[in-house]
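Enquirer:
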Amino acid sequence: MFAKFEQAVLTGIQSQKQRKFILIGTVVGLILSIMMIPTELVLAKMLPGKNNDTFNIYVKLPQGSSIEQTTSVTNCVASIVQKEKEVTDLEVFLGMGSPLDFAGLIKGSQFKNSENVAELVVNLTKKHEREEPSYMMVQRLRPVVVKSCEPIVKNSDISFVEPPAGPPTLAAIVAEIYGKDADGIRVLAQKVETIFKKTQGLVDIDTMEDTIYDTFDIKVNPEKAARSGVSIKQINDIMYLAFEGMDIAVKNSPKYNDQIPVFLSLSNDSKRFTTKDLDAVQAKLSSLKLMNKFGMMVPVTELVSIQPTKSHPIIMSKDLHEMTNVMAETDMVSQVYPLIDARAQILKELANDYEITKTGLFDLEFKDKKSGNIYELKWDGEMKVTLDTFRDLGGAFIAALILIFLLMVVYYKSYTLSGIILVGSFLSIIGVILGHWVMDIFTTDTFFLTATSLIGFIALIGISSRNSLLLIDFTKSLMHDKGMHKAEAIAYATATRAKPIFLTATAIILASTLLAGDAVFGGLGVSLIFGTIAAVIASLIVVPILLYNADLERHFHFHEKQAVSITDPL
Amino acid sequence: MKHKPYVPKDVAGKLAKTFIQNPLTMVLGIFLLALGYISLEVMPREENPQMVVSGSTVIVALPGATAAEVERVIVKPLERKLKEVKGVEHIYGTAMDNVGIVNAAFFIGENKEDSNLKVYDKIMQNSNMFPKGAMNPIIKPLDIDVDIPIVSVAFFSNDKNMSETDLYDNVKTMQHYINGLPNVAVTDLKGGHKHQFNIEVDINKLAGYNLSLGQITQAVQSLSYNVPNIKNRTKDNEIVIFGVKNAIQTIEDIDNIIVADYFGSPIYLKQVATVTDGYNYQNFQSAQISIQSDHSFSKLQNQVTLTISKLQGTNAVIIADAVKEELSKYKDMLAKNGINYVITRNDGERANDAVNELVFHLILSIIIIAILLIFVLGWRESLIVTFTVPAILAITLFVAYLSGQTINRITLFAFLLSLGLLVDAAIIVIENIHRHYHSVDSAHKDKDELMIEATDEIGAPTNIATLAIIMTMIPMAFVGQMMGQFMKPIPANVPVALVASLFVAYIFTPYLAVRILKRPKHNEEHK
């Protein structure tokens, strides 16, 4: 076995035809595997979904909806969740956020305090005892819940929030729309939202914007108020007391943990408006009277005029620029590809109304053709984190390559040898990408190239450079101490080093098989397994050929040619 | 031929030579393993690594202003001021009717206390910038440790007659007990309703008696007043204490308040309003729960959730267990009052499960590698390599403990990642020893010397190769943002493990090899 391999290497590296064949094959392999990323054969994502024991459902009704309306929607959601066998318990938090978690912290769950919101916490059985991963369950439940519960109240949004595998973000895709005028932003945001809704793979689409609803302004007639000796404060107080109610006194209690407030308000029957229109408001207010300075009872309507108007939506800004977010989650797919699709669609569909120019990598600038106003669209959320992470890791990768190269130059004092080691270690990328492609074929859901895959790849450079390094070092000592000829020394060293190289490679592969099963670190495991295989092949086949092609005597700084082999024609 | 002792050229050989016959080597080995085990037990466990996220939210209320007005007079000036603070990455402003909210998010990794102080300082220095009528600004710093509860418990009542407020009040009592446990930071209640006396006025009756709501308010307020006791002395210098009591003690007291005089006859409050001893129904927030047992869900019923968060750097596992134990102490008492509870979140248990699962994976990997080595190198060699792994991990764990890290998913993944790398050094050494041991050339050499020589031979390239792997990890420490923070345990621990692997390989491998390996007899020619 040993001798056979040594012989194979020996003849292999000496035959020009075989050398050429292997080198060209390697280059083709490298190009083909790298091409798998732009051709979307291997898909990239920051982190894949994680199998959790819990997930949340956020319910958001349009602004101005009542808690009763919200309850009707949560009841619907609950009734669907209650059909699930793997759910242990279900909590509904009406009008507020659920106990805070990582995802909620970023999504602003702690600030929820209005009648139109609710959160549901769904706890599942332990993940080991459950066949269906939580992300599959969410994917299955989402369309059912959305279809039957969202129509109960128009414009409701129901979104599923899973604990993130990595750092939490606002949403998978966030389109920030900047501009100078609120109305223009609103119009553009709605257009983007419509496009998102049509984009395949995007779910839970929501614009962070208040719906504008009908309200009433009560204007006090100053003259009448002054004549009857009533102040605006008095009018406001009386109306607040009547319809919202107020604590007017407290009583300390020895029994309870809190003070007991005395709360005054109109009774439920007498305070409700019959309908939501001006007449009903007018009618109710006319029966509400207040006492003026002279002890006379004056109906509120005598002093005021009521006008229907619209609510003031909240105004949001980021870094001092007014903006609105359009958010979307991805349904088991990477956020990169729907984003590219949506962006292409925006460029196509909005070209009629806006002059669109591309800025940055994916960002867009809009110029309204009618008004000439300028708006900007910037991508944020998980997408931005992904880009930043991949950029940083790419930088870390290049830095690692340079550091290794410098280290090798210091050690060998030769650029060629250092170059060979670098090339040898870079080839493990073939294994990394092919490995993901193979895993994608064999797994039911998409197997993504993730940030952890990149970490694995970076670690691999070190591992495979170690293989090449041990090989070169042994060749050197064989040539130096034993006086072997280049080809023989390379072949003997390759054959001798093959055993520890295989051993350490197997150790890495075995240690990584357990990693490969994990949702988040699967990429790392797969990178290490397939990358190591590629690295072994590279260091046992490609590196010897590269070594043979190099003038080793010179690079090892031998002063004279060491020995002449019988097989060498020289 | 006179024997000349082998002089090691590399650190590897030197270390091997120093330790190979040293009686303390064994002690050192046991000591390292003990340190590692203690670290594993003592280190706080978490599911995800701690992230330093700093930020503050400033809330300023300006009653009666519309969103656009709030934006101009509160949000914009506030944003400009916060822009001056160093270390702020993003500023988010929200203007709505009556209130403006500005959130300053610091760069990931900025010191929490410093950041909070900077924002507080900036607002206080410029407190005169707020418009007239604005209320005092509320500054709420973000604190992940304290804000995110690690345990949540839902309490609910099976007793239909139990009032909402009794449940709440009972849970509030429990809250105090739980808050008393060590290292518990914040406890909070969600859902439930407080006790309240409700006066619901009928608008028609009000009109009938020609009364206004203001009169009722005044009448109630005049009778409800809490004052401290009055102290006086007798002639003999004895102290006599007497006090005016709040006239409202029961709902009957409220019922019988005289709100007005109607043609000479008094009008009692009960004539125009219904007074009830109830709960704060104006609070629209509530919480419900439904539990599955025997394949059927209970109906959604009201509940009160108690959330518990821990202090920074404390062990979630221990706190969660303590909470569980404390709860079970009161289980009977609660049951007597008709209250049940269910733990709806237990991050301590989750962290412990995650850590234990990964430790199990780690052990499994070590066993698999050991089996592989038995087949390739023989069981004695395999035994040696297998011993080095826990020693290396022990050193790494101890260093991680000293540097204030926690045991979390990512730390353990860093270990799993380094596992494949750290057996390398030992394998390379043992393989070289094995090769020398079995080669005919060295049959005459002394055992110890052979070990040292074999170790020394591969020392230089192994050092450089390990350094190369460490080099690849270092740039990862400079990855920014959340992801960089999240992955920090990898660049922090893998290099430590690798360096440890070198030392362990050079010190313990030859030491054990001398004692465990059997030398072959070179009677026949060995290949």
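Those protein sequence lines, which keep their order, are chains A and B. Quick note on numbering: the first sequence equals residues 1080 to 1649 in the numbering used here. Quick note on numbering: the second sequence equals residues 34 to 560 in the numbering used here. Note that beta-carbon positions come from the ideal geometry of N, C-alpha and C, so glycine has one too.
Quick check on the burial criterion: 16 or more other C-beta atoms within 10 angstroms. Buried or exposed for B:Lys50?
Expert: buried
Enquirer: Looking at the secondary structure, which residues open and close the beta strand (DSSP E) in which A:Ser1365 lies?
Expert: Unbroken run through A:Ser1365 is the alpha helix (DSSP H), 1357 to 1365; no beta strand (DSSP E).
Enquirer: With the cut-off set at 9 Å, would you say A:Phe1448 and A:Glu1434 are in Cβ contact?
Expert: Correcting the residue type first, residue 1448 of chain A is Lys in the shown sequence and not Phe. Yes, they are a contact pair.
Enquirer: Report the start-end ranges of each beta strand (DSSP E) in the stretch 259 to 308 of chain B that is 3 residues or longer and not cut off at the edges.
Expert: If we require 3 residues or more, the beta strand (DSSP E) runs fully inside the stretch 259 to 308 of chain B come out as 263 to 266, 272 to 275, 291 to 295, 298 to 301.
Enquirer: Measure the C-alpha to C-alpha separation of B:Glu482 and B:Pro543 and round it to an integer number of angstroms.
Expert: 10 Å
Enquirer: Any beta carbon of chain B sitting closer than 9 Å to that of A:Ile1237?
Expert: no
Enquirer: According to DSSP, is B:Pro174 helix, strand or coil?
Expert: Three-state result, B:Pro174: strand.
Enquirer: Here's the rule: buried if 16 or more other CB atoms are within 10 angstroms of the residue's CB, otherwise exposed. What is B:Ala45?
Expert: buried
Enquirer: Any chance you could list the alpha helix (DSSP H) runs of at least 4 consecutive residues sitting entirely within the stretch 480 to 546 of chain B, in chain order?
Expert: 480 to 490, 492 to 506, 514 to 520
Enquirer: Mapping DSSP to helix, strand and coil, what is A:Ser1145?
Expert: coil
Enquirer: Considering only the beta carbon of each residue, do B:Gln438 and B:Ile141 sit closer than 9 Å?
Expert: no
Enquirer: Going by beta-carbon coordinates alone, are B:Ile351 and B:Gln334 separated by less than 9 Å?
Expert: no
Enquirer: With a threshold of 7 Å on Cβ separation, who are the neighbours of A:Thr1290 within its own chain once the five nearest residues in sequence on each side are excluded?
Expert: Pro1141, Gln1142, Asn1234
Enquirer: Closest to A:Ile1136 by C-alpha separation, out of A:Gly1176, A:Met1114, A:Thr1105, A:Asp1552, would be which residue?
Expert: A:Gly1176
Enquirer: Expressed to the nearest angstrom, what Euclidean distance is found between the alpha-carbon atoms of A:Val1621 and A:Ala1082?
Expert: Straight-line Cα distance between these residues: approximately 19 Å.
Enquirer: I'd like to know if B:Ala306 contacts chain A, where contact means its C-beta is closer than 9 Å to some C-beta of that chain.
Expert: At a cut-off of 9 Å, the C-beta of B:Ala306 has a neighbouring C-beta in chain A.
Enquirer: Locate the alpha helix (DSSP H) running through A:Arg1633, then write down its first and last residues.
Expert: 1631 to 1634
Enquirer: What is the DSSP secondary structure of A:Gly1245, counted as helix, strand or coil?
Expert: DSSP, reduced to helix, strand and coil, places A:Gly1245 outside both helices and strands of the structure shown, so it counts as coil.
Enquirer: Apart from the five residues on each side of it in sequence, which residues of its chain come closer than 6 Å, Cβ to Cβ, to B:Leu175?
Expert: Gly88
Enquirer: If you pair each beta-carbon of the stretch 222 to 230 of chain B with each one of the stretch 306 to 324 of chain B, do three or more pairs fall below 8 Å?
Expert: As far as the Cβ criterion goes, the stretch 222 to 230 of chain B touches the stretch 306 to 324 of chain B, which means the pair count is three or higher.
Enquirer: Out of A:Gly1263, A:Gln1386, A:Pro1378, which one is the CA nearest neighbour of A:Ala1304?
Expert: A:Pro1378
Enquirer: Can you give me the C-alpha to C-alpha distance between A:Thr1204 and A:Val1166, rounded to a whole angstrom?
Expert: 6 Å
Enquirer: By DSSP's criteria, B:Thr340 is part of a beta bridge. Which residues make up the other side?
Expert: Answer by DSSP bridge pairing, in chain order: B:Ser185, B:Asp221.
Enquirer: Applying the criterion that 16 or more other CB atoms from any shown protein chain within 10 Å of the CB defines a buried residue, is B:Asn385 buried or exposed?
Expert: buried
Enquirer: What residues of chain B sit near A:Asp1180, judged by a beta carbon separation below 7 Å?
Expert: Ile181
Enquirer: For A:Thr1294, count neighbouring C-beta atoms within 10 Å of its own C-beta (all shown protein chains included) and say buried if the count is 16 or more, exposed if not.
Expert: exposed
Enquirer: Output, in chain order, the set of chain B residues within a Cβ distance shorter than 9 Å of A:Met1462.
Expert: Per Cβ cutoff of 9 Å: no residues; A:Met1462 is ~13 Å from chain B at best.
Enquirer: Beta carbons nearer than 9 Å to chain A: which residues of the stretch 476 to 493 of chain B have them?
Expert: Glu490, Ile491, Ala493
Enquirer: Put B:Glu197 into one of helix, strand or coil per three-state DSSP.
Expert: helix
Enquirer: What separation, rounded to the nearest whole angstrom, lies between the Cα atoms of B:His394 and A:Ala1261?
Expert: Going by the C-alpha atoms only, they are around 55 Å apart.
Enquirer: Thinking C-alpha only, which one of A:Ser1188, A:Ser1227, A:Glu1241, A:Gln1189 is nearest A:Val1201?
Expert: A:Glu1241
Enquirer: Which chain B residues sit within Cβ distance under 8 Å of A:Leu1369?
Expert: In chain order: Ser245, Leu246, Gly247.
Enquirer: Pull the bridge partners of B:Gly126 from the DSSP assignment, please.
Expert: Residue pairing by DSSP puts B:Gly126 in a beta bridge opposite A:Ser1396, B:Val135.
Enquirer: Quick check on A:Arg1351: does DSSP put it in helix, strand or coil?
Expert: coil
Enquirer: With DSSP as the reference, label A:Ala1407 as helix, strand or coil.
Expert: strand
Enquirer: How would you write the range of the alpha helix (DSSP H) that A:Ile1314 sits in, first residue to last?
Expert: Per DSSP, A:Ile1314 is one residue of the alpha helix (DSSP H) stretching across 1311 to 1322.
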